[in-house]
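All remarks here apply to the structure that follows.
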């Protein structure tokens, strides 16, 4: 694999995607402590301020840096372009190289920013990073069949539903089925023609 130019930053029309940095601590605390109560079964609760320590944030930054160095996991903060507010995260994880060149994509937009199309915009930007910067061939998303909003995002991104993987992920202490949605770099090129 070619070396990857770091840091990776992607700008979209309204967002900036980039790894979290030490200077983002206050923004991170604000983002995780100001969410509304969970809006559905897939929404996480906001964190208690006692969990939002500088020590924990530094550990998170170190872990993410180590995983980027091993080319296994890339996490990007989703920031509003106009004021720099952290509104979510997108990740490329479980990266397989060699003959696969594949990653799983995940995203989370904090619930006080739902309804503005940020999930679709951030995920599209992350897919662009996967194909153009990381030179991956395929991106997959595992989505619970009941998570209609995430399915809507996958469809808007022209991802292809490939099937159902039974009891794939342990979520809320229960094995959950996941629909597998995927997109290859060829799919993306042909959809732009």
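In my numbering, the protein residues as written are 12 to 204. Backbone N, C-alpha and C fix where the C-beta goes; we use that ideal spot for every residue, glycine too. This one's a predicted model, so the numbers in the text were calculated from it and none came from an experiment.
Three-state secondary structure assigned by DSSP to residue i
i: residue 32; result: coil
i: residue 94; result: coil
i: residue 126; result: coil
i: residue 182; result: strand
i: residue 140; result: helix
i: residue 151; result: strand
i: residue 161; result: helix
i: residue 202; result: helix
i: residue 84; result: coil
i: residue 41; result: helix
Residue environment, residue i, which counts as buried when at least 16 other CB atoms sit within 10 Å
i: residue 116; result: buried
i: residue 80; result: exposed
i: residue 173; result: exposed
i: residue 111; result: exposed
i: residue 61; result: exposed
Between the CA atoms of residue j and residue i - distance to the nearest angstrom
i: residue 42; j: residue 109; result: 37 Å
i: residue 45; j: residue 36; result: 14 Å
i: residue 179; j: residue 107; result: 18 Å
i: residue 33; j: residue 39; result: 10 Å
i: residue 149; j: residue 129; result: 22 Å
i: residue 206; j: residue 88; result: Given that the chain is displayed from residue 12 to residue 204, the structure contains no residue 206 and the question cannot be resolved.
i: residue 201; j: residue 65; result: 45 Å
i: residue 30; j: residue 90; result: 10 Å
i: residue 26; j: residue 183; result: 30 Å
i: residue 167; j: residue 131; result: 7 Å
Residue i vs residue j beta-carbon contact at 9 Å
i: residue 134; j: residue 164; result: yes
i: residue 84; j: residue 71; result: no
i: residue 98; j: residue 124; result: yes
i: residue 190; j: residue 140; result: no
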